[in-house]
Amino acid sequence: MINTEALFKILKQQAIALSKLLNPFCEVVVHDFSDLEHSIVVIEGNLTGRSIGGAPTDLLLSRARKGGADEDLYNYITSLPGGRLMKSSTIFLRDENDEVFGAFCVNFDISQFLSFSKQLNTLVKTEEDNEVSELFSDDIMDTIQSILTDTLFEMGESVPDMTRENKIELISRLHNRGVFQVKKAVPIVADLVGLSRATVYNYLREVNEED
């Protein structure tokens, strides 16, 4: 039988080491699903503003209810308030019966690396790009978020640092990629980028007028 108390102590040590190694860009969170309202038992680093005793994310809550059915998640993109982006990985903790009882989560803030990526891209960019990326998901929000992340990488921009012109360019690129053909795209994009829906509609209007 797994000694969860001893395991969580070990995971706390690992969380401290990892967060200090990658400080200030890394946050490590350990969840104990025995109390889903207050599942956070370890948190090192501070990207999301949470604390010990905090609740799980909506993603973790839905996964926890499935028991042992879930696979670990690696290098998925999540967003922070204000439009900052993180790469995240989640490892589910399982007992001897393969039932999930917790999670070890690593979040890495990539926002500040976007401008560097833009500068580097000018040095290595070629005329043709044959790489094709495709996301398969039943959730349209996942698809839009993936397109948004790709577009921000292409632009080499971080949302908090973007000017009004940059934001209009972002909306224009999303428009050209067909995002706004989706009925619920405007509120989804507004939430992800940290803009009001009215602002997104105004930018779309400007883009359409230019077309």
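Using the numbering used here, you'd call the opening residue of the sequence shown number 9 and step up by one each time.
For every residue, glycine included, the Cβ atom is placed at its ideal position computed from N, Cα and C.
- Within the segment 29-86, the beta strand (DSSP E) runs of at least 3 residues that lie entirely inside it are, in chain order, 34-40 and 48-52.
- For alanine 111, the number of other beta carbons within 10 angstroms of its own is at least 16, and it is reported as buried.
- Annotated as proximal: serine 87 and leucine 200, with beta-carbon spacing under 8 angstroms.
- Contact between alanine 72 and leucine 44 is confirmed by a C-beta separation of about 6 angstroms, below the 8 angstroms threshold.
- A direct Cα-Cα distance of roughly 13 angstroms separates arginine 213 from leucine 182.
- Within the same chain, Cβ atoms closer than 8 angstroms to the Cβ of threonine 157 are found at Ile85 and Leu93, the five residues on either side in sequence being excluded.
- In the structure shown, methionine 170 falls within a coil segment according to DSSP collapsed to helix, strand and coil.
- Only residues of its own chain outside the window of five on either side were considered, and among them Phe16, Leu19, Lys20, Ala23, Ile48, Val49, Val50, Ile51, Gly110, Ala111, Phe112 and Cys113 have a CB closer than 8 angstroms to the CB of valine 38, listed in chain order.
- Contact between valine 194 and arginine 205 holds: their C-beta atoms lie close to 6 angstroms from each other, under 8 angstroms.
- For arginine 102, the beta-bridge partners assigned by DSSP are Val108.
- Leaving aside the five residues that flank serine 97 on each side, the residues in its chain whose CB is nearer than 8 angstroms to its CB run, in chain order, Asp80, Leu81, Tyr82, Asn83, Tyr84, Cys113 and Val114.
- Residue state for asparagine 115 is assigned as strand, using DSSP reduced to three classes.
- For the set Asp106, Leu101, Val208 and Glu35, the Cα lying nearest the Cα of isoleucine 176 is the one of Val208.
- Close CB contacts of isoleucine 155 within its chain, under the 7 angstroms cut and outside five residues either way in sequence, are with Leu182, Arg185 and Val187 (chain order).
- Between phenylalanine 33 and aspartate 106, the beta carbon gap of about 33 angstroms keeps them out of contact (Cβ cut-off 8 angstroms).
- Contact between isoleucine 196 and methionine 149 holds: their C-beta atoms lie close to 5 angstroms from each other, under 8 angstroms.
- Around the beta carbon of aspartate 40, 16 or more other beta carbons lie within 10 angstroms, which makes this residue buried.
- In this structure, DSSP gives leucine 178 a helical state, which the three-state scheme calls helix.
- Scanning His46, Asp169 and Gln189 for the CA closest to the CA of glycine 202 turns up Asp169.
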